[in-house]
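Asker:
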Amino acid sequence: MVVLRHIVEGENLSTQSVAAPASPRTRRSPRARISRDVALVATFAAIIVGCALAPAIAIAGVPAPITLQTFGVMLSGLVLGARRGSAAVVVYLALGAAGLPVFSGGNSGLAPFVGPTAGYLLAFPLAAFAIGWATRRLLATRAIVERAAPDTARRLRVFHTATTIAVCLLISLLTIHTLGIVGMHLRVPMPFLDALTADLIFIPGDIIKTTAAVLVSLAVLRAFPVLRDLR
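Anchor point for the sequence shown: position 209 equals 257 in my numbering, and the numbering is continuous, going up by one each time.
1. Using the C-alpha atoms, what's the distance from residue 254 back to residue 219?
2. Quick one: using the 10 Å Cβ neighbour count with 16 as the cut-off for buried, is residue 110 buried or exposed?
3. Between the segment 128-139 and the segment 89-103, can you find at least three pairs of beta-carbon atoms closer than 8 Å?
4. If the criterion is Cβ atoms closer than 7 Å, does the pair residue 100 and residue 152 meet it?
5. Given a cut-off of 7 Å, decide if residue 258 and residue 217 are closer than it, judged by their beta-carbon atoms.
6. Check whether the segment 197-217 touches the segment 135-151, counting contact only when three or more Cβ pairs, one atom from each stretch, lie closer than 8 Å.
7. State the start and end residues of the unbroken alpha helix (DSSP H) segment that holds residue 138.
8. Quick one: what's got a C-beta closer than 6 Å to residue 186's C-beta in the same chain, skipping five residues either side?
9. Quick one: Cα of residue 78 to Cα of residue 271, how far?
10. What beta strand (DSSP E) runs, 3 residues minimum, are completely inside the segment 132-219?
11. Let me know the secondary structure DSSP gives residue 114 once reduced to three states.
12. DSSP three-state call for residue 256: helix, strand or coil?
13. Can you give me the C-alpha to C-alpha distance between residue 154 and residue 164, rounded to a whole angstrom?
14. If you draw a straight line from the C-alpha of residue 225 to the C-alpha of residue 247, how long is it?
15. Give the DSSP-derived three-state secondary structure of residue 82 in the structure shown.
16. Between the alpha carbons of residue 72 and residue 209, how many angstroms are there, rounded?
17. Just list the residues that DSSP pairs residue 105 with in beta bridges.
18. Pick helix, strand or coil for residue 234, following the three-state DSSP scheme.
19. How about the segment 232-244 and the segment 169-187: do they share at least three Cβ pairs that are nearer than 8 Å?
20. Taking 6 Å as the line, does the beta carbon of residue 133 fall inside it for any heavy atom of the ligand MN?
21. Note down the Cα distance separating residue 264 from residue 53, rounded to an integer number of angstroms.
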């Protein structure tokens, strides 16, 4: 949060500037916008690294461990939007491919891209892009929710948040889980049904991580409303 405040306020993109007649896009020079975008992408790539290096949970018979990577991937798409969110994930993957130990368990290099976790890694940028694209439409309705009467707004916020969580979970199932299953099936190798069964173990944890990512993203966007304009 402190880093985001430095990036946003350092570019004079505070909440007050959102209310100004000129939009951030028109006021900032191309170089300033690029510098801001690079800083945001790098920050969220670092967040994904931190999530990946958090202690993983290995499960017997499952070739891929339970990690916090999906939390970081979803958070990137939710906060930065489709293009910047997926760019943060690509930067993270590029750092690992280049040899930095940023993957789960401190792994690095090209081996993870051809191993049991290959499908999950390759799906991360797709998931971040899709989540950023889909939630941009949902965020456009959030302002309408906030303008409703207090009691109505409270109920609508709960419904809106639950809808956002459901959309992110659906995207995760269609991208991360689908490609992850295919990756385990092809690269372990293991029968497709066994790979599907192994992947089902990740779903309860992903529900928790998705819920947390949505709640955190809403808090971040509420603290820095200008980030909505950058999506």
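Glycine included, each C-beta is placed from N, C-alpha and C at the ideal position.
Given the structure is predicted, the values throughout are model-derived calculations rather than measurements.
Answerer: From the atom records:
1. 12 Å
2. buried
3. yes
4. yes
5. yes
6. no
7. 117-145
8. 212
9. 25 Å
10. none
11. strand
12. helix
13. 16 Å
14. 7 Å
15. helix
16. Any answer about residue 72 is weak, because its pLDDT of 48 lies below 50 and its placement is not dependable; what the coordinates show is given next. Approximately 27 Å, taken between the alpha carbons.
17. 114
18. helix
19. no
20. With respect to small molecules bound, the structure shown includes none, and the ligand MN cannot be examined in it.
21. 15 Å
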